[in-house]
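What follows is a short report on a single structure.
Numbering (mature numbering (1 follows the signal peptide of the UniProt record, and there is no 0)), first residue to last: -21 to -1, 1 to 166.
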């Protein structure tokens, strides 16, 4: 029985070596360095704001960006449409809340994550077309619509990390992660 598994493992290893020796599939067109740089929006933005780019935006500016780029999918007031809603009624946030009730204001733990996601993945049909100022503005607008901020000051690299999201209290580090990496602490 042991020999059988030994030969199975040996065969799998040999097959893997053959596959790796084949090289690339020669499908598609290699990207130029300029094309790579156009999509290279690293570094990732961390929860504490490290990596946020320069720029700023206000709630009023964000309302215009939202109407132009977001409302067709998420509804005129963020209530949802073809895609999920972004704005919800305030309600007690607990671990028992049904996921259909989740929205930006009651589910996302960090405003910086909202910025990072919006910058990388939105608008759905044309991700990455928004300028940093437009992303700051639309994030300010969405946070304002959810009652997270009062909209009195612009969002930028200094103000965004200071936003206290209501769901942050629910964030817990996975116990296995805590065991394996005891030095990791949540911001």
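For glycine and all other residues, C-beta sits at the position ideal for the given N, C-alpha and C.
Grab the span of the alpha helix (DSSP H) containing residue i for me, first residue to last.
{"i": "residue 112", "result": "111 to 124"}
{"i": "residue 148", "result": "First-last for residue 148: undefined, no H or E at that position."}
{"i": "residue 89", "result": "From DSSP, residue 89 is part of no alpha helix (DSSP H); its letter is neither H nor E."}
{"i": "residue 52", "result": "50 to 53"}
Between residue i and residue j, what straight-line distance do the alpha-carbon atoms span, to the nearest angstrom?
{"i": "residue 120", "j": "residue 104", "result": "21 Å"}
{"i": "residue 147", "j": "residue 91", "result": "12 Å"}
{"i": "residue 47", "j": "residue -12", "result": "58 Å"}
{"i": "residue 37", "j": "residue 18", "result": "26 Å"}
{"i": "residue 117", "j": "residue 51", "result": "14 Å"}
{"i": "residue 6", "j": "residue 108", "result": "27 Å"}
{"i": "residue 141", "j": "residue 45", "result": "23 Å"}
{"i": "residue 59", "j": "residue 53", "result": "4 Å"}
{"i": "residue 39", "j": "residue 158", "result": "45 Å"}
{"i": "residue -6", "j": "residue 128", "result": "54 Å"}
{"i": "residue 161", "j": "residue 93", "result": "27 Å"}
{"i": "residue 114", "j": "residue -8", "result": "50 Å"}
{"i": "residue 89", "j": "residue 25", "result": "9 Å"}
{"i": "residue 13", "j": "residue -19", "result": "53 Å"}
Under 8 Å by Cβ, that's how I've got residue i and residue j pegged, so tell me the actual separation to the nearest angstrom.
{"i": "residue 84", "j": "residue 66", "result": "7 Å"}
{"i": "residue 125", "j": "residue 82", "result": "7 Å"}
{"i": "residue 139", "j": "residue 28", "result": "6 Å"}
{"i": "residue 87", "j": "residue 144", "result": "6 Å"}
{"i": "residue 95", "j": "residue 23", "result": "6 Å"}
{"i": "residue 49", "j": "residue 102", "result": "7 Å"}
Quick one: grab the DSSP three-state call for residue i.
{"i": "residue 157", "result": "helix"}
{"i": "residue 16", "result": "helix"}
{"i": "residue 27", "result": "coil"}
{"i": "residue 36", "result": "strand"}
Excluding the 5 residues preceding and the 5 following residue i in the sequence, name in chain order all residues of the same chain whose CB lies nearer than 6 Å to its CB.
{"i": "residue 136", "result": "31"}
If I measure Cβ to Cβ from residue i and keep anything under 7 Å in the same chain, skipping five residues before and after, which residues do I get?
{"i": "residue 132", "result": "138"}
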